[in-house]
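Working notes, beginning with the structure itself.
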Amino acid sequence: MTTTSGSHRTEPSTSADERAMLEGWLDYHRATLAWKCEGLGEEELHRMPLPPSELSLMGLVRHMAEVERYWFREIMLGEDLPDLYSTREDRDGDFHFTAQDTFAEAERVWRTEVELAREAAAGRSLDLMSKPESHHRGEAFSLRWVYTHMIEEYARHNGHADLLREQIDGATGD
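Right, dumping it as structure tokens:
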């Protein structure tokens, strides 16, 4: 699989400081998700090729937009933001879309949320703690924990994206 539309991936430095390494790995995984979606048409990006799972590449991009928004802006900054896709009534709304929902729009929202997440974290200490009431369990999280969790979240879902892409068109790659 080759990159064609700006999702160039650069492995993080093996000797960077902690902040640069966390940001580097998170950006690497963000670029990996974009890479897994490259070169596919709307129908392929909507496809759920592994029944009974509702996983699709478009759903993963929508899900990661929500995750970026939730952890960096709602949890870390305490912003009260409206739902993007998932609601109390449909917890998996990020994976539930219609033929009228486009990948271009999902990707635009995701890329916007990535930029807003970067802005939310910029200049803040990795030791910064969220307000406990910002999370339904009443827990506080350090920005360091959020970075680590986001790397884990992307890594897990990029594994899903690998499987989806292989089922869609046979493309494989790390």
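Here our numbering is used: the first residue of the sequence shown is -3, the next is one more, and so on. Positions of the beta carbon are idealized from the N, C-alpha and C atoms, including for glycine.
(request) With a 10 Å radius around its C-beta and 16 neighbouring C-beta atoms as the bar for buried, classify Thr28 as buried or exposed. (result) Numbered from 1 along the sequence shown, position 32 holds the residue referred to as residue 28. Buried.
(message) Would Glu40 and Asp158 qualify as a contact pair, given that the criterion is a beta-carbon distance under 8 Å?
(response) One-based indexing of the sequence shown puts residue 40 at position 44. One-based indexing of the sequence shown puts residue 158 at position 162. No. Outside cutoff.
(request) Quick one: grab the DSSP three-state call for Met146. (result) By one-based count along the sequence shown, residue 146 stands at place 150. Helix.
(message) Please return the same chain residues whose Cβ sits closer than 7 Å to the Cβ of Gln163, not counting the five positions on each side in sequence.
(response) Indexing the sequence shown from 1 puts residue 163 at position 167. Here the set comprises Pro45, Leu46.
(message) Restricting to Cα atoms, I'd like to know which of Leu22, Ala16, Ala30 is closest to His4.
(response) Here residue 4 refers to the residue found at position 8 when the sequence shown is read from its first residue. Closest by alpha carbon: Ala30.
(message) With a threshold of 8 Å on Cβ separation, who are the neighbours of His153 within its own chain once the five nearest residues in sequence on each side are excluded?
(response) The count along the sequence shown starts at 1 and reaches residue 153 at position 157. Leu29, Leu56, His59, Met60, listed in sequence order.
(request) Find the nearest neighbour of Glu38 within the set Arg161, Tyr143, Thr98, judged by alpha-carbon distance. (result) Counting from 1 along the sequence shown, the entry for residue 38 is found at position 42. Checking every option, the nearest Cα to that of Glu38 belongs to Thr98.
(request) My understanding is that Glu85 touches Leu77, with C-beta atoms under 8 Å, so please give their C-beta distance in whole angstroms. (result) Residue mapping note: residue 85 aligns to position 89 of the sequence shown, counting from 1. Residue mapping note: residue 77 aligns to position 81 of the sequence shown, counting from 1. Not confirmed; about 18 Å, so no contact.
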